[in-house]
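2 protein chains.
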Amino acid sequence: MDDLDTPVAVVDLDKLELNIREMASLTREAGVRLRPHVKTHKVPAIAHMQLREGAAGITVAKLGEAEVMASAGIEDIFVAYPIWGEAKWERLRMLNRRARMRVSVDSEVSAEGLSEAFSRHGERIDVLVKVDTGLGRIGVLPGEPALRLARKVEKLPGLNFKGIFTHEGHIIRDFGSVEEVGEAVRQVAEKMRETAELIRREGMEVEEVSVGSTPSARIMCGEEGITEQRPGTYAFYDAMNVGFGVVPEERVAFSIICTVVSTPAPDRAVIDGGTKVFSSAKSPKVDGMGLIRGVEGARFAWANEEHGVLDLSSCPGALKVGDRVEVVPVHVCEAVNLWDELVAVRKGEVEAVWPVLARGKVR
Amino acid sequence: MDDLDTPVAVVDLDKLELNIREMASLTREAGVRLRPHVKTHKVPAIAHMQLREGAAGITVAKLGEAEVMASAGIEDIFVAYPIWGEAKWERLRMLNRRARMRVSVDSEVSAEGLSEAFSRHGERIDVLVKVDTGLGRIGVLPGEPALRLARKVEKLPGLNFKGIFTHEGHIIRDFGSVEEVGEAVRQVAEKMRETAELIRREGMEVEEVSVGSTPSARIMCGEEGITEQRPGTYAFYDAMNVGFGVVPEERVAFSIICTVVSTPAPDRAVIDGGTKVFSSAKSPKVDGMGLIRGVEGARFAWANEEHGVLDLSSCPGALKVGDRVEVVPVHVCEAVNLWDELVAVRKGEVEAVWPVLARGKVR
Chain D
1 MDDLDTPVAV VDLDKLELNI REMASLTREA GVRLRPHVKT HKVPAIAHMQ
51 LREGAAGITV AKLGEAEVMA SAGIEDIFVA YPIWGEAKWE RLRMLNRRAR
101 MRVSVDSEVS AEGLSEAFSR HGERIDVLVK VDTGLGRIGV LPGEPALRLA
151 RKVEKLPGLN FKGIFTHEGH IIRDFGSVEE VGEAVRQVAE KMRETAELIR
201 REGMEVEEVS VGSTPSARIM CGEEGITEQR PGTYAFYDAM NVGFGVVPEE
251 RVAFSIICTV VSTPAPDRAV IDGGTKVFSS AKSPKVDGMG LIRGVEGARF
301 AWANEEHGVL DLSSCPGALK VGDRVEVVPV HVCEAVNLWD ELVAVRKGEV
351 EAVWPVLARG KVR
Chain X
1001 MDDLDTPVAV VDLDKLELNI REMASLTREA GVRLRPHVKT HKVPAIAHMQ
1051 LREGAAGITV AKLGEAEVMA SAGIEDIFVA YPIWGEAKWE RLRMLNRRAR
1101 MRVSVDSEVS AEGLSEAFSR HGERIDVLVK VDTGLGRIGV LPGEPALRLA
1151 RKVEKLPGLN FKGIFTHEGH IIRDFGSVEE VGEAVRQVAE KMRETAELIR
1201 REGMEVEEVS VGSTPSARIM CGEEGITEQR PGTYAFYDAM NVGFGVVPEE
1251 RVAFSIICTV VSTPAPDRAV IDGGTKVFSS AKSPKVDGMG LIRGVEGARF
1301 AWANEEHGVL DLSSCPGALK VGDRVEVVPV HVCEAVNLWD ELVAVRKGEV
1351 EAVWPVLARG KVR
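Chains as they are written, first to last, in the numbering used here: chain D, 1 to 363; chain X, 1001 to 1363.
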């Protein structure tokens, strides 16, 4: 590992396996299916590790990601994104022939498009209705609006109504730490239960009541009526999750190793990685552009595309040209999306080099 | 072009050609060499367009970019980055055998490493000393510190001292608009002239006095003693340059076409592109995550990885599911770095699909 040229993206296998096992056992003990979102790692080998530990299937955002994962032998895939347009409906129909596919719907118009695309071939696709429990992004509101869309899906040819799902991403946005969010998570669960109940009272089966977000996953395990969780970031974790108090820093399985290329002043060191390896992601939960491991007092102050500027004013002269620096990025999903390969290591030895096969699948 | 599935990254060839020609003629008339930074587009075909219009060579940040460009037949390449470590020195040495390479040095220790790597093979590399004229990132300070490093480079075996260079990237960071920066640009030029003069007085030749930044390029053309400019973004421009007043919005040659996938409320439309196609880059020069073309009143309020949220409160109901939306990103260099290919169009017709061959070259 010390011989790898930098910058290099490294996955610690011991930590990755621990993260995967822990979430698998948490959800198993809660009697909830686990369907990890693979956008975090985009690596089929890691998705298979999650499945071997008991995940019921995987979640993706893009059809291109689903195609990569299906090609890697994964047979149960939820596309948690509203799919629109003939080209994409056709790709989804092809996928649906070789894998158990389910897809999101959040409007009558997109339900109608999907229905027409499948029913004209005499085929059917499983559908979950997206509910907005507070993020304010996409999805129908809980209660009556969700019921109306469920009714519509139930009636349309070519669609199987399977249940409802939400992404409670507002939890980490709207609160300061994981200790503060208990009540907010319970409210999300309550909205989902009530909505499911409302739909069931109309005689429809609601097989799946699915939620998904790493920072709320543990608390959500204590909630009744939830059938599935779809966390993603937990495989690696990142500085944002550490800042929010989800896990301690040493649990983060993904880091980027850089080299100091310049120390223009005693209080400044510049590393050979910037926004093109970390991304420009910032978070109120993280000071600067990431967490520096092993250099007491160093702060990742700012970055341009190819330069990361470390503030050493608390530890002047702590780094010299040629020193290696390990950095945990703010938001791991965006960082991974910049890399063509990840190096998997165990106790400092390289065990695998994984191409990030689902990277760049924009469509 | 209207048949392309979304999201798709599009380059308008008429605008690209105009941008390339204009910068070529501005620098030609000023008697200054143009050496465009290709990090903006990462496409050899575009680099060749710049060379055909008279560029003297190209600039890159990473050896991996240099290797791609050299493989595409480009023979004059400046690696404007301090290169450190045996693996990279060896790659630079290989590049130096098939192209005219020059490289940055900003410290004695990195000059010594480079010298040792080349001189032990009896080979030589052209070197420019990096001067920090205000950005506070890397580089030696103007005047005496630059002179000391130039003297060192001049003495070390295996190195040819060719001159000095700076990146005046603080211009767009520290000022509100291009109208305000005249004096700041003149100060950069003055520091470079004085430093060059100081070095020349010691009997050393300073063949190159190189500056580089799109927002200052036009003003810099009026400055004496500058021999070379290295702007990058001008090939495409972006929302940051528009916000700073460098060019009007219609001059931007790069955009991302998305589709509205959800309109959960009359004042909100969600498009199928987020930070994984635009990047997370923000700028005080740009309101939100980019400029929306052709939808009066729409504001690109926020984005997650796969969702772009448009605020339609000034134009309620202006967009419906299935509508196509063209977006100019905040920072084009970071956006391009996310894409595997760019589609080149002219008057709405596709003329080429360019793989972004130098994308992801992190080392």
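Glycine residues also receive a C-beta, built at the ideal position from the N, C-alpha and C atoms.
Neighbours of X:H1041 in chain D, taken as residues at a C-beta separation under 7 Å, are lacking, since the least C-beta distance is about 13 Å.
Listed in chain order, the positions of the segment 270-296 of chain D with a beta carbon within less than 8 Å of a beta carbon of chain X are V270, D272, G273, T275, K276, V277, S279, S280, A281, K282.
Contact between the segment 327-342 of chain D and the segment 246-262 of chain D is present: three or more C-beta pairs spanning the two stretches fall below 8 Å. DSSP, read as helix, strand or coil, puts D:Y81 in strand.
Considering only beta carbons, no part of the segment 1230-1256 of chain X lies closer than 7 Å to chain D.
Contact of D:W89 with chain X is not assigned, every C-beta pair being separated by 7 Å or more. Sixteen is the threshold: since fewer than 16 other Cβ atoms of the shown chains lie within 10 Å of the Cβ of X:L1018, the residue is exposed.
Each of X:V1350, X:A1335, X:L1128 was checked against the Cα of X:D1002, and the nearest Cα belongs to X:V1350. DSSP, reduced to helix, strand and coil, places X:I1046 within a helical segment of the structure shown. The DSSP-derived three-state label of D:E228 is strand.
Counted as a single uninterrupted DSSP element, the stretch harbouring X:F1236 is not any alpha helix (DSSP H), since DSSP gives it neither H nor E. The Cβ of X:W1084 sits closer than 7 Å to at least one Cβ of chain D. The beta-carbon separation of D:A30 and D:C221, rounded to 4 Å, stays under the 8 Å limit for a contact. Its chain contains A1070 as the residues whose beta carbon lies nearer than 7 Å to that of X:R1098, once the 5 sequence neighbours on both sides are disregarded; these appear in chain order. Close to chain D, meaning a Cβ-Cβ distance shorter than 8 Å, are the following residues of the segment 1334-1360 of chain X: E1334, N1337, L1338, W1339, D1340, G1360. In the structure shown, D:C258 adopts extended strand secondary structure according to DSSP, grouped into three states. With fewer than 16 other Cβ atoms inside 10 Å of its own Cβ, X:S1314 counts as exposed. Linking D:S279 to X:S1280 through their CA atoms gives a straight-line distance of about 7 Å. When DSSP assignments are scanned along the segment 253-327 of chain D, the uninterrupted stretches of beta strand (DSSP E) that are 3 or more residues long and fall wholly within it turn out to be 254-265, 268-271, 290-293, 299-303, 308-311.
Sequence-distant partners of D:M23 (beyond 5 residues in either direction) whose C-beta falls short of 6 Å from its own C-beta, in its chain, are Y234. Residues of chain D whose Cβ lies closer than 7 Å to the Cβ of X:S1262 are, in chain order, P82, D106, S107, I138. Setting aside the 5 residues that flank it on each side, X:V1353 is surrounded in the same chain by E1341, L1342, V1343, A1344, each with a C-beta closer than 8 Å to its C-beta; the list follows chain order.
Each residue's CA atom was taken as its position, placing D:E228 and D:A56 some 9 Å apart. Of all residues in the segment 43-62 of chain D, those with a C-beta nearer than 9 Å to a C-beta of chain X are A61, K62, reading in chain order. Within chain D, the residues W84, G85 have their CB atoms less than 8 Å from the CB of X:T1259, given in chain order.
Within the same chain, G1134, L1135 come within 6 Å of X:H1170 by CB-CB distance, once the 5 residues on both sides are set aside. Membership of X:F1118 in the alpha helix (DSSP H) is indicated by the continuous run 1108-1119. Under DSSP, D:V8 forms a beta bridge with D:I257. Minimum Cα-Cα distance from D:V286 among the listed residues D:D238, D:P145, D:G158 corresponds to D:D238. D:L63 has no beta-bridge partner at all, per DSSP.
Under a 10 Å Cβ-count criterion, X:R1200 is classified as exposed, with fewer than 16 other Cβ atoms of the shown protein chains found around its own Cβ. Rounded to the nearest angstrom, the gap between the Cα atoms of D:L114 and D:G54 is 31 Å. Listed in chain order, the positions of the segment 1310-1336 of chain X with a beta carbon within less than 7 Å of a beta carbon of chain D are V1321, G1322, C1333, E1334. Taking a Cβ-Cβ cut-off of 8 Å, the neighbours of D:H307 in chain X comprise R1137, I1138, given in sequence order.
When secondary structure is reduced to three states using DSSP, X:H1331 falls in the coil class, being assigned neither helix nor strand. Within the same chain, Cβ atoms closer than 6 Å to the Cβ of D:E65 are found at A358, K361, the five residues on either side in sequence being excluded.
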